[in-house]
Structures are given as structure tokens and as C-alpha cells.
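Q: So that we are looking at the same thing, I have put the structure below in C-alpha cells.
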Amino acid sequence: MKYEYKLYEPSWCPGCGNYMIRTALKQALEELNLNPHEVVLVTGIGQGAKMPHYIKINGFNGLHGRAVPPAIGIKLANKNLKVIVESGDGDTYGEGGNHFIHAIRRNIDIAHFVHDNQIYGLTKGQASPTTAKGQKTTLQFDGVKLEPLNPLALALTMGAGFVARGFSGDIPHLVNLMKEAITYKGYALLDILQPCVVWNKVNTFAWYKERVYHLPEDYDYTNKEEAFKKAIEFGDKIPIGIIYKVEKETYEEKFDFIKNGPPLVDVELNPKNVEKLIKEFI
Amino acid sequence: MDYTILIGGEAGQGIDTTANLLAKILKRHGFYVFSNSDYMSRIRGGHNFMQVRFSDKPLHSHISQNDIIFALNKETIEIHHKNLTKTGVIICDKDIPLEGIKGKALSLPLLETAKELKNQKVFTTVGLGVILKYFSLDLSIGEKAIKEEFNNKDIAELNLQALKKGYDLIDTEISLKTSKDENILINGNQAVALGAIAAGCKFYCGYPMTPSTGILTFMSHHSNEMGIAVEQVEDEIAALNMALGASYAGVRAMTGSSGGGFALMVEALSLAGMIEVPVVVIDVQRPAPATGFPTRTEQADLQFVIYAGHGEFTRMVIALRDVEDAFYQTARAFNIAEKYQIPVLLLSDQHLADSLKTVEPFDFDKISIERHISGEEAITEEEYKRYKITPTGVSPRILPGKIPGQVVLVDSDEHDEEGHITESAEIRKAMVEKRLRKFEYLKEEIQEPWFIGKENPENLIIGWGSTYGAIKEAVENLVDEGLSVGALIFGDIWPLPTQRLFELSKNAKKIIDIEQNATGQLEKLIRQEALIKATHKILKYDGRPFSSDEVYSKLKEVLV
Numbered sequence: 535m536k537y538e539y540k541l542y543e544p545s546w547c548p549g550c551g552n553y554m555i556r557t558a559l560k561q562a563l564e565e566l567n568l569n570p571h572e573v574v575l576v577t578g579i580g581q582g583a584k585m586p587h588y589i590k591i592n593g594f595n596g597l598h599g600r601a602v603p604p605a606i607g608i609k610l611a612n613k614n615l616k617v618i619v620e621s622g623d624g625d626t627y628g629e630g631g632n633h634f635i636h637a638i639r640r641n642i643d644i645a646h647f648v649h650d651n652q653i654y655g656l657t658k659g660q661a662s663p664t665t666a667k668g669q670k671t672t673l674q675f676d677g678v679k680l681e682p683l684n685p686l687a688l689a690l691t692m693g694a695g696f697v698a699r700g701f702s703g704d705i706p707h708l709v710n711l712m713k714e715a716i717t718y719k720g721y722a723l724l725d726i727l728q729p730c731v732v733w734n735k736v737n738t739f740a741w742y743k744e745r746v747y748h749l750p751e752d753y754d755y756t757n758k759e760e761a762f763k764k765a766i767e768f769g770d771k772i773p774i775g776i777i778y779k780v781e782k783e784t785y786e787e788k789f790d791f792i793k794n795g796p797p798l799v800d801v802e803l804n805p806k807n808v809e810k811l812i813k814e815f816i
Numbered sequence: 008m009d010y011t012i013l014i015g016g017e018a019g020q021g022i023d024t025t026a027n028l029l030a031k032i033l034k035r036h037g038f039y040v041f042s043n044s045d046y047m048s049r050i051r052g053g054h055n056f057m058q059v060r061f062s063d064k065p066l067h068s069h070i071s072q073n074d075i076i077f078a079l080n081k082e083t084i085e086i087h088h089k090n091l092t093k094t095g096v097i098i099c100d101k102d103i104p105l106e107g108i109k110g111k112a113l114s115l116p117l118l119e120t121a122k123e124l125k126n127q128k129v130f131t132t133v134g135l136g137v138i139l140k141y142f143s144l145d146l147s148i149g150e151k152a153i154k155e156e157f158n159n160k161d162i163a164e165l166n167l168q169a170l171k172k173g174y175d176l177i178d179t180e181i182s183l184k185t186s187k188d189e190n191i192l193i194n195g196n197q198a199v200a201l202g203a204i205a206a207g208c209k210f211y212c213g214y215p216m217t218p219s220t221g222i223l224t225f226m227s228h229h230s231n232e233m234g235i236a237v238e239q240v241e242d243e244i245a246a247l248n249m250a251l252g253a254s255y256a257g258v259r260a261m262t263g264s265s266g267g268g269f270a271l272m273v274e275a276l277s278l279a280g281m282i283e284v285p286v287v288v289i290d291v292q293r294p295a296p297a298t299g300f301p302t303r304t305e306q307a308d309l310q311f312v313i314y315a316g317h318g319e320f321t322r323m324v325i326a327l328r329d330v331e332d333a334f335y336q337t338a339r340a341f342n343i344a345e346k347y348q349i350p351v352l353l354l355s356d357q358h359l360a361d362s363l364k365t366v367e368p369f370d371f372d373k374i375s376i377e378r379h380i381s382g383e384e385a386i387t388e389e390e391y392k393r394y395k396i397t398p399t400g401v402s403p404r405i406l407p408g409k410i411p412g413q414v415v416l417v418d419s420d421e422h423d424e425e426g427h428i429t430e431s432a433e434i435r436k437a438m439v440e441k442r443l444r445k446f447e448y449l450k451e452e453i454q455e456p457w458f459i460g461k462e463n464p465e466n467l468i469i470g471w472g473s474t475y476g477a478i479k480e481a482v483e484n485l486v487d488e489g490l491s492v493g494a495l496i497f498g499d500i501w502p503l504p505t506q507r508l509f510e511l512s513k514n515a516k517k518i519i520d521i522e523q524n525a526t527g528q529l530e531k532l533i534r535q536e537a538l539i540k541a542t543h544k545i546l547k548y549d550g551r552p553f554s555s556d557e558v559y560s561k562l563k564e565v566l567v
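These protein sequences, in sequence, are chains A and B. The first sequence begins at 535 in the numbering used here and counts up by one. The second sequence begins at 8 in the numbering used here and counts up by one.
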């Protein structure tokens with residue numbers, strides 16, 4: 535690795551889980567020997583989505599809920615770029631739910647890190663799709679009435695080939711999960727539990743710390759049935775680690791011209807090569 | 008000579024296939040062809056029809072009168088017999104009752120003939136054979152077209168027999184002089200797709216929506232051969248965001264839909280304006296609001312696409328006037344999008360999208376590819392500045408991953424020159440001005456509208472987009488009659504070119520606005536931008552395209 539990941543001063547609250555996620559991200563990229571210009575961080579809107587402003591890296595900081603579609607466009611245009619989507623729980627599972635589901639179906643080679651603090655931070659404390667039922671928030675003052683969305687179980691149901699959960703308070707473990715997700719060939723979901731120190735008074739650092747445990751070494755992450763059991767385990771105990779991982783053909787590998795050709799961005803353009811298409815109109 | 012053949016019946020009866028075959032066969036006899044389709048939003052039943060007009064002179068529109076009505080059912084005769092010319096003929100099966108129907112009829116055993124071949128469905132091909140013979144057309148040209156149309160050998164053989172049997176059913180009524188075929192036959196959607204591929208579009212995505220789907224289909228069919236990533240996306244929100252990602256990474260990218268799908272793209276259109284990533288978007292208009300008339304035509308999205316998107320940013324809007332324009336302007340749109348780093352919006356409509364027209368083969372030598380992508384020379388300081396403030400507002404663009412150590416950051420938040428999020432009032436002001444400065448620079452690029460008719464006319468017509476063909480034929484007829492009529496047909500619409508408007512409006516006694524919408528959206532824009540007001544408006548919003556004779560008679564009412 536020749537170029538360094540310069541850091542910029544974030545505007546996050548002191549004690550925010552995003553600091554630890556940034557530390558883990560930087561370390562993971564360094565350990566994978568990737569240069570800042572070889573990686574694109576695609577984000578939506580939210581506190582976690584500001585990541586490309588606080589670490590020197592190629593960045594596409596787009597719209598709320600819309601981080602996944604540009605990431606797909608980028609990967610198809612230049613397969614040599616490492617593409618990482620990084621956004622929050624509201625961004626990914628709420629506003630961007632449809633894109634999330636279809637990204638799994640496509641299985642394009644991108645890593646998706648979800649900063650999941652079970653609350654809306656940037657908009658000041660409303661419920662997110664992962665906020666627990668009954669939890670009181672600044673908007674749901676008498677408690678959330680909806681069932682929470684289970685991202686891991688949903689991803690498994692949709693046929694994701696890589697599903698993992700990390701915790702911002704366990705950096706060495708998180709670094710490892712990030713590296714696994716980035717090097718996985720296909721769509722890799724990494725849901726990262728993190729505290730929101732200002733707006734979520736239930737799921738605090740201590741709350742997570744008491745509950746999370748590493749999946750045992752003999753856990754078989756290729757067993758989908760076991761994976762479902764771990765995906766729905768969210769209460770007194772919360773497993774972290776690779777929940778499910780199997781090899782699958784990636785979307786881009788299904789196209790010969792992408793798989794075996796140069797990146798589309800490097801293809802020379804010549805209108806004369808297109809002239810042959812006129813024959814079907816003669 | 009100038010003949011129109013109408014083929015009508017229920018959805019699913021093979022109207023489209025038969026009419027397209029007929030158009031191709033006529034074209035291969037050296038005739039000019041214009042074929043339009045009128046179909047319902049259903050897969051079976053209802054009433055659909057296509058008109059195939061052909062002549063030894065170039066055609067630009069359909070007309071309402073038919074010389075032949077090939078009726079696949081009784082309803083077709085009931086609906087269309089009033090639009091049969093005095094010498095016109097109805098071709099139909101002998102079992103269809105014709106009481107009370109005016110006009111000559113060729114009542115033939117079409118169904119019986121098809122049944123002899125043990126497949127009732129081919130009775131349309133039997134009818135096609137009848138039409139060929141009626142006009143003394145070459146059976147072998149018909150046979151060749153059928154072999155090309157049907158990949159399945161048995162089905163091809165069956166249709167060949169049906170064609171021959173139909174051909175033998177009657178004697179020739181009209182002998183036509185043919186000539187050498189040197190043209191192509193293409194519709195608006197195909198011309199747009201071909202223009203995009205010629206311009207080096209390497210990413211196209213969309214969600215199926217009539218009448219824009221033909222572009223997506225054409226791109227998809229040529230995806231592997233031409234090396235183009237073509238995506239059917241989950242929704243149109245994904246479509247434009249995905250195209251922006253592809254463009255950011257450095258390929259020419261495009262997406263398209265009809266008005267309803269474009270409405271979903273509007274948030275990302277504003278993003279394109281903010282992050283200054285080039286992209287081409289086409290709206291193939293259909294009647295709205297909401298779902299409207301899915302399979303019909305209108306020009307009512309003009310004001311929408313000019314103003315779509317929250318906030319203020321630079322864009323260009325180009326309306327496509329005919330299939331040649333569709334090809335060349337689509338290719339041009341990519342150059343403009345990349346030169347100014349803006350979204351370029353193309354406006355087509357169902358009429359242009361689905362109508363087949365004969366034109367000279369497109370000239371690929373006329374297509375230039377100008378990328379405006381920078382290399383190392385763009386790095387003048389330690390860090391590359393994606394949004395460097397410049398006199399034109401356009402900042403040097405490098406691609407992510409191409410220059411070691413340099414990163415490209417685009418941001419939907421207000422940002423500084425490097426692309427980093429900012430709250431600075433000073434930077435905000437500079438960036439707003441930078442994005443809008445491009446609009447002034449873009450004005451150098453715009454093309455004046457096409458002019459048809461008599462120079463310095465007393466009666467000046469204004470129109471835009473696909474009404475070009477109908478207006479052109481109507482104006483030429485009126486000029487032939489000695490009337491002082493001329494028309495400006497806009498292609499580039501935003502920024503609005505005004506030079507010709509100012510010149511011609513000075514002498515004009517009447518200014519007549521012709522549009523396929525209910526409020527005269529172009530005329531409103533001209534009032535806003537040039538303070539010129541139309542004296543008359545001819546507006547059509549029933550979902551059916553103007554025919555040239557309809558424009559002619561409406562103009563006559565205004566002029567006399």
C-alpha cells in the first residue's frame with residue numbers, strides 16, 4: 535500500500551459508535567493493502583453516511599436510501615474498483631428497503647456495512663426499522679407500534695451468500711468481519727451494532743456489551759438452518775460474527791464481456807463499430 | 008402516388024406483425040413508408056389498428072383517410088369505414104356481414120384458406136398476400152420478409168403457404184412503379200437506442216414502462232454483442248441513481264422511462280445537478296396525469312422536465328422531432344452531458360416511439376465522441392478538487408481509480424471544492440453560482456429550431472418534437488396553395504433558442520401554436536423567455552397523434 539488514509543475531523547457526537555467503525559474501516563483497508571484510490575465508498579444520508587468526508591477515499595455520497603443503486607452502477611462500469619456501501623439502518627432498511635432486497639437478488643460484488651444503532655440520529659431520535667417494539671422515542675412518544683425488521687433473517691430469506699453481524703465496541707473482531715465482507719465475491723451484508731449516545735437510551739454501549747458474544751469456533755456458517763437460528767437470536771444474547779457464508783456466482787460473472795473483457799470504463803469507443811447494427815433495419 | 012392501408016382487429020390477432028411485414032415489404036420495393044400504431048393497454052381483445060402509408064415521395068406523417076382497410080373483425084369496418092377514400096376498398100373475410108357499409112369490399116375466404124392450412128391464425132398472412140397482389144407487389148420480396156420474421160421453420164413455412172394462397176385469391180387492381188430501395192425503416196425508440204450505442208453508451212437501465220420499453224429491449228438485445236451493461240432495475244428511483252453511479256465511474260450512462268417513471272427519477276435528477284455527474288435521460292411521453300393513457304401519445308411533460316427537481320441547477324432539454332433527429336440528438340446529448348457535467352433530458356413520445364419511418368441510413372461518420380475527461384494535468388495542487396471553481400463553472404473531471412493517490416469525492420450535500428460537506432455561507436454562494444454559470448456557457452451550444460415553409464411568413468407556426476412530421480406536410484401543402492405560412496419546430500428547448508423567433512415574429516401577423524397538450528406548454532415558455540405571445544392555439548389532447556390532414560384543416564380554419 536503506497537498511499538495513506540488521511541483522516542479528517544468528524545462532526546459526530548463524542549462517544550458515537552461511528553468513530554470506532556471508522557477506525558475499523560481504516561485498519562481493514564490497510565490490512566487488505568488497498569489504496570484509497572482503489573476503493574469507492576458509496577453512502578446515503580445519515581450520520582454514518584458522512585464517512586467519506588472523514589477519511590480520504592473515493593466517495594459517492596448520494597441520496598438518503600439510495601446508496602445501493604450507484605454502487606451497482608460503479609461496479610458494473612469498473613470491476614477493478616472495490617465498492618463498499620456504508621449507511622445507516624434507516625437509510626438501508628427503511629428508505630432504501632427495495633434496493634436492499636434487489637441487491638441481494640443480483641449478488642453483485644459489493645460489501646454493505648450498515649451502521650445499525652436502532653434509531654434515527656441525524657433527524658433527532660425517531661424510530662428506525664430496527665427499533666424495538668414498545669420503545670419510546672421523540673416521535674413515537676407512547677412506544678413503537680411496529681414490529682422491528684430483522685435484516686439478517688431477511689437477507690437469508692432473499693438468498694444472500696454472506697450475512698454477518700459486528701459490534702462497534704469490538705474493533706479487532708469488526709476489522710476481521712470487514713475484511714471478510716470486502717474480499718467475499720458477491721453481495722456481503724455486515725450489520726454493525728453501534729450505540730447512539732444521544733438518541734437511543736435503551737440500546738446503549740453497555741446494553742450491547744452485556745449481550746453480544748462471538749459465534750463459537752465450531753459454528754458452521756454454511757448451514758442455512760443454523761444461520762436462521764442465529765439471525766433471530768436478538769435479546770439477552772446477540773451473536774456476532776459470520777452468520778452465513780457460501781460461494782455463489784456473482785452477477786457480473788454472468789456476463790462474458792464483463793467477466794473476460796476489460797473494465798467497461800477502459801473500452802475504446804468508436805461509432806463505426808456500431809454501424810453493423812443498421813442491417814436489421816434494411 | 009400515396010396510399011394508406013389500415014389493418015385493424017383485436018389485440019393478439021397479429022396486427023403488429025402483419026403491418027410491420029407489410030411496411031418492410033413496401034420499403035423493399037423502394038417506396039417511402041410511414042406507419043403508425045394505435046393500440047390499447049391490453050394483451051388480448053379490444054380494438055387495435057395500424058396504418059401503413061406509402062408513396063414514391065418522402066413521407067413524414069400519417070393521414071386519416073385509408074385506401075385499403077384490412078379488417079380482421081367486424082368492429083374494424085364499423086369504426087373505420089367512414090375514413091375510407093372514395094375509391095377505397097375493404098378487405099375482409101367473406102363471413103363478415105357488410106350491410107349498411109359504404110364502399111367497395113373484397114369479401115374473401117380468408118379464414119377458410121387458413122383452415123385449409125390447419126391454422127386459423129395465419130388468416131392475417133393470407134390477407135397480406137391479397138394486399139401484395141392488389142398492388143402488384145413482388146411475391147418473392149414478401150416471402151423473404153416472412154423467412155426473416157419467423158425463426159421457427161415450420162411456422163415460417165406455414166406463413167409462406169398462407170401468403171401464396173392469399174396472393175392467388177385475387178387479381179391485381181393497381182400496378183405500381185417500384186424503384187431501388189436504399190433506405191432504412193426504423194421507429195423512434197430504435198433510433199434513440201442506436202444513437203446511444205453509437206455514442207458509446209456502456210450502461211443503460213430502466214423499468215418497463217410503455218411506451219419507453221422499446222429502448223430498453225433494443226439495448227438488452229445488443230448488450231452482449233456490443234458490451235453494454237443493461238439492467239432491468241427494481242424501480243425508476245434505482246434507475247437514475249444507478250446510471251449516475253456508472254457515469255461517476257466513467258462510462259457513458261443513460262436511463263429512460265415515460266412520465267410516471269421519470270417522476271420517480273426526479274430526486275436523483277436533482278442529485279445529478281448537485282454532484283455534477285453527466286447523464287442522459289429520456290422521457291417517452293404518454294398522456295397523464297398518473298397512469299393516464301398508457302399506450303397513447305401526448306406532449307404534456309415539457310414544463311415538468313424543464314423544472315423537475317428540487318433546487319436550482321443546470322440541465323438541457325432536447326425534444327426529438329423524427330427518427331433521424333432521434334438518432335443524432337441522442338448521440339449529441341452524451342457529448343453535451345459530459346462537456347458541461349449536467350443531466351441532458353430527451354423528450355420523445357408514443358407517436359415517435361412507435362411509428363416506423365423510412366429514412367436514409369444513418370451516417371456514423373457524423374457521430375463524434377467528445378469525453379472531456381482529464382488526466383494528471385487536472386492535479387494542480389496536492390489534492391484533486393472535483394468542484395474547482397472555474398470561469399465556466401465546469402471543473403476538470405477525473406475518474407476514480409485512474410490516478411494513483413487521487414480520490415474523487417462527489418456529495419449531495421453542499422460541498423467545498425474537494426467535495427467535502429460544508430456549512431459555509433461563502434462556499435454555498437460560490438457553488439450555487441458555479442452550477443448556474445454553466446447554464447450561460449451552455450447557451451453557446453444550442454441549435455435554433457428547424458424552419459419549414461415560406462421565409463418571413465405572415466403566418467408563423469410554432470411547434471416542437473414529434474408533431475414536426477404532420478406540421479411539415481400541412482405547411483408544405485398550404486405553401487403550395489400560395490399561402491404565406493412558415494413553421495419553427497423546436498428541438499433544443501431548454502435553454503430556449505430565441506434568435507429565429509425574434510426575427511420571424513416581427514413580420515408575422517398571426518402566430519399559431521400547435522401542440523399535443525391542453526395548455527400550450529411551449530407557448531407559455533416562449534412568453535416567459537421571449538415575451539412573444541401566440542395569437543392562436545391548436546391543441547390536441549385526446550391521446551391520438553395529429554395527422555397531417557388534421558393539422559392542415561385546423562390551420563385552414565385559422566388562416567382563412
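Note that CB positions come from ideal geometry on N, CA and C, so glycine has one too.
Is any non-hydrogen atom of the ligand ZN found closer than 7 Å to the C-beta of ASN43 of chain B, if you look at the structure I gave you?
A: The ligand ZN is not among the ligands present in this structure, which contains no ligands whatsoever.
Q: Is it the case that the Cβ atoms of GLU424 of chain B and LYS392 of chain B are separated by a distance below 8 Å?
A: Looking up residue 424 of chain B in the second sequence gives position 417. Looking up residue 392 of chain B in the second sequence gives position 385. Going by C-beta atoms, GLU424 of chain B is nearer than 8 Å to LYS392 of chain B.
Q: Taking the straight line between their C-alpha atoms, what separation do you get for ASP770 of chain A and PHE701 of chain A?
A: Along the first sequence, read from residue 1 onward, the residue named residue 770 of chain A stands at position 236. Along the first sequence, read from residue 1 onward, the residue named residue 701 of chain A stands at position 167. If I take the Cα positions, the gap works out to 15 Å.
Q: If you measure between the beta carbons of TRP733 of chain A and GLY655 of chain A, is that distance less than 8 Å?
A: Here the question's residue 733 of chain A lines up with position 199 in the first sequence. Here the question's residue 655 of chain A lines up with position 121 in the first sequence. Yes, the pair counts as a contact, with Cβ atoms nearer than the cut-off.
Q: With 16 as the cutoff for other CB atoms within 10 Å, does THR132 of chain B come out buried or exposed?
A: Counting from one through the second sequence, the residue named residue 132 of chain B turns up at place 125. So THR132 of chain B ends up on the buried side.
Q: Pull up the distance between the alpha-carbon of ILE103 of chain B and that of THR92 of chain B, whole angstroms please.
A: Start at 1 with the first residue of the second sequence, and residue 103 of chain B comes out as number 96. Start at 1 with the first residue of the second sequence, and residue 92 of chain B comes out as number 85. Rounded to the nearest angstrom, the two C-alpha atoms are 20 Å apart.
Q: Can you have a look at MET8 of chain B and say buried or exposed, based on whether 16 or more other CB atoms are within 10 angstroms of its CB?
A: The count along the second sequence starts at 1 and reaches residue 8 of chain B at position 1. That one is exposed.
Q: Buried or exposed: GLN506 of chain B, going by 16 or more other Cβ atoms within 10 Å of its Cβ?
A: Taking the second sequence and counting its residues from 1, one reaches residue 506 of chain B at position 499. The residue in question, GLN506 of chain B, is exposed, as its Cβ has fewer than 16 Cβ neighbours within 10 Å.
Q: For the segment 266-291 of chain B, enumerate the residues whose C-beta is nearer than 8 Å to any C-beta of chain A, in chain order.
A: Correct list: GLU274, ALA275, LEU278, ILE282.
Q: Give the single residue among B:LYS111, B:ILE50, B:GLU331, B:MET47 whose Cα lies nearest to the Cα of ASN73 of chain B.
A: Working through the second sequence from its first residue, we reach residue 73 of chain B at position 66. Taking only the C-alpha atoms, the option nearest ASN73 of chain B is B:LYS111.
Q: Locate the beta strand (DSSP E) running through LYS409 of chain B, then write down its first and last residues.
A: Counting from one through the second sequence, the residue named residue 409 of chain B turns up at place 402. From DSSP, LYS409 of chain B is part of no beta strand (DSSP E); its letter is neither H nor E.
Q: Quick check on DSSP: helix, strand or coil for ILE93 of chain B?
A: Numbered from 1 along the second sequence, position 86 holds the residue referred to as residue 93 of chain B. Note that residue 93 of chain B is Lys in the sequence shown, not Ile. Strand.
Q: Would the segment 615-630 of chain A and the segment 574-591 of chain A be scored as touching if the rule is three or more Cβ pairs under 8 Å?
A: These segments touch.
Q: Per DSSP, what kind of secondary structure is PRO570 of chain A in: helix, strand or coil?
A: Residue mapping note: residue 570 of chain A aligns to position 36 of the first sequence, counting from 1. Of the three classes helix, strand and coil, the one that applies to PRO570 of chain A here is helix, per DSSP.
Q: Compare the Cα-Cα distances from LYS445 of chain B to each of B:GLN348, B:ASN524, B:GLY472 and report the closest residue.
A: Within the second sequence, numbered from 1, the residue matching residue 445 of chain B stands at position 438. The shortest C-alpha separation from LYS445 of chain B is found at B:GLN348.
Q: Do LYS209 of chain B and ILE235 of chain B come within 8 Å of each other at the CB atom, strictly closer than that value?
A: Residue numbering aside, residue 235 of chain B sits at position 228 when the second sequence is read from its first letter. Residue numbering aside, residue 209 of chain B sits at position 202 when the second sequence is read from its first letter. Against a cut-off of 8 Å, the Cβ pair of LYS209 of chain B and ILE235 of chain B comes out as a contact.
Q: Quick one: using the 10 Å Cβ neighbour count with 16 as the cut-off for buried, is HIS748 of chain A buried or exposed?
A: Translated into the one-based positions of the first sequence, residue 748 of chain A becomes position 214. Classification of HIS748 of chain A: exposed, given that the 10 Å Cβ count is below 16.
Q: Excluding sequence positions up to five away, which residues of its chain have a Cβ less than 6 Å from the Cβ of ALA722 of chain A?
A: Here residue 722 of chain A corresponds to residue number 188 of the first sequence, with the count starting at 1. Within the same chain, ALA722 of chain A has close Cβ partners ALA645, PHE696, ALA715.
Q: Apart from the five residues just before and just after LEU449 of chain B, which ones in its own chain have a Cβ nearer than 8 Å to its Cβ?
A: The sequence position of residue 449 of chain B within the second sequence is 442, counting from 1. The answer, listed in chain order, is THR321, MET323, ILE343, TYR347, ILE349, PRO502.
Q: What does a CB cutoff of less than 8 Å around ASP175 of chain B pick up in its chain, not counting 5 residues either side in sequence?
A: If you number the second sequence from 1, residue 175 of chain B lands on position 168. So the list reads GLY136, LYS140, once near-sequence residues are dropped.
Q: Considering just the uninterrupted stretch of the alpha helix (DSSP H) at LEU327 of chain B, what are its terminal residues?
A: Within the second sequence, residue 327 of chain B is the residue found at index 320, counting from 1. Here LEU327 of chain B belongs to no alpha helix (DSSP H), and DSSP marks it neither H nor E.
Q: Shorter than 8 Å from the beta carbon of ILE163 of chain B to some beta carbon of chain A?
A: By 1-based counting over the second sequence, the position of residue 163 of chain B is 156. At residue 163 of chain B the sequence reads Ala, which differs from the Ile that was named. Output row for ALA163 of chain B: interface = no.
Q: Can you tell me which of B:ARG435, B:LYS64, B:LEU327, B:LYS172 puts its alpha carbon nearest to the alpha carbon of GLU123 of chain B?
A: As a first step, residue 123 of chain B is located in the second sequence; it is residue number 116 there, counting from the start. The shortest Cα separation from GLU123 of chain B among B:ARG435, B:LYS64, B:LEU327, B:LYS172 belongs to B:LYS172.
Q: What are the boundary residues of the beta strand (DSSP E) that includes MET47 of chain B?
A: Stepping through the second sequence from its first residue, residue 47 of chain B is reached at position 40. First-last for MET47 of chain B: undefined, no H or E at that position.
Q: Within 10 angstroms of its Cβ, does ARG639 of chain A collect 16 or more other Cβ (buried), or is it exposed?
A: Along the first sequence, one-based indexing puts residue 639 of chain A at 105. Label assigned to ARG639 of chain A: exposed.
Q: Give the residues from the segment 190-211 of chain B that approach chain A closer than 8 Å (Cβ to any Cβ), ordered along the chain.
A: Of all residues in the segment 190-211 of chain B, ILE191, LEU192, ILE193, GLN197, LEU201, ILE204, ALA205, ALA206, GLY207, LYS209, PHE210 have a Cβ within less than 8 Å of some Cβ in chain A.
Q: For the putative contact between SER264 of chain B and TYR214 of chain B, defined by C-beta atoms under 8 Å, what is the C-beta separation to the nearest angstrom?
A: If you number the second sequence from 1, residue 264 of chain B lands on position 257. If you number the second sequence from 1, residue 214 of chain B lands on position 207. With a Cβ gap of about 7 Å, SER264 of chain B and TYR214 of chain B count as contacting.
Q: Give me the chain A residues within the contact set of GLY360 of chain B, using Cβ-Cβ distance strictly less than 7 Å, ordered along the chain.
A: Start at 1 with the first residue of the second sequence, and residue 360 of chain B comes out as number 353. A quick correction: the sequence has Ala, not Gly, at residue 360 of chain B. Simply none; closest approach about 15 Å.
Q: Do SER512 of chain B and ILE478 of chain B have their C-beta atoms within less than 8 Å of each other?
A: Position 505 of the second sequence, counted from the start, is the residue given in the question as residue 512 of chain B. Position 471 of the second sequence, counted from the start, is the residue given in the question as residue 478 of chain B. Going by C-beta atoms, SER512 of chain B is not nearer than 8 Å to ILE478 of chain B.
Q: Beta-carbon of GLN413 of chain B versus every beta-carbon of chain A: anything under 8 Å?
A: As a position in the second sequence, residue 413 of chain B is number 406, starting the count at 1. Yes, contact with chain A.
Q: Just tell me which of B:LYS89, B:ALA205, B:LYS517, B:PHE269 has its CA closest to the CA of TYR314 of chain B.
A: Position 307 of the second sequence, counted from the first residue, corresponds to residue 314 of chain B. It is B:PHE269.
Q: Return no unless some Cβ of chain C is closer than 8 Å to the Cβ of VAL258 of chain B.
A: Protein chains in the displayed structure are A and B, and chain C is not among them.
Q: Comparing the C-beta of GLU614 of chain A with each C-beta of chain B, is any distance below 8 Å?
A: Here residue 614 of chain A refers to the residue found at position 80 of the first sequence. Here residue 614 of chain A is Asn; the residue named in the question, Glu, does not match the sequence. Closer than 8 Å to some Cβ of chain B, the Cβ of ASN614 of chain A qualifies, so yes.
Q: Under 9 Å Cβ-Cβ, which residues of chain A neighbour ASP420 of chain B?
A: For this step, residue 420 of chain B is matched to residue 413 along the second sequence. What ASP420 of chain B touches in chain A: ILE579, LYS584, HIS587, ASN595.
Q: Locate the alpha helix (DSSP H) running through ARG35 of chain B, then write down its first and last residues.
A: Taking the second sequence and counting its residues from 1, the one referred to as residue 35 of chain B is at position 28. Run containing ARG35 of chain B: 22-35, per the alpha helix (DSSP H) assignment.
Q: Should the segment 522-532 of chain B be called in touch with the segment 461-473 of chain B, which here means at least 3 C-beta pairs below 8 Å?
A: Contact between the segment 522-532 of chain B and the segment 461-473 of chain B is present, because at least three Cβ pairs lie under 8 Å.
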